[in-house]
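So for the sequence shown, our numbering puts the first residue at -12; every next one is plus one.
Virtual Cβ for every residue (Gly too), placed ideally from N, Cα, C.
Computed from a predicted structure; not experimentally measured.
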Amino acid sequence: MSTTLSSCDDLRIPPMPRTIRIAARPRASTLPMQLAAAAATGFILAWVLTRFAIG
């Protein structure tokens, strides 16, 4: 066994393993569908709030 300090190469932090990209850029074909779904959800939420919560 050696009593000397380890070399600089031994002190490197190993790279993190690649994980699944959860926040990957959505394809351009899904953007219109997401926009339509968001608009419909917003309209339904506004209708429910005005119908039952406000008045």
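May I have the straight-line CA-CA distance separating I31 from P1, to the nearest angstrom? 50 angstroms
Looking at the structure shown, is R38 part of a helix, part of a strand, or coil, going by DSSP? helix
Can you tell me which of the three DSSP states T17 falls into? coil
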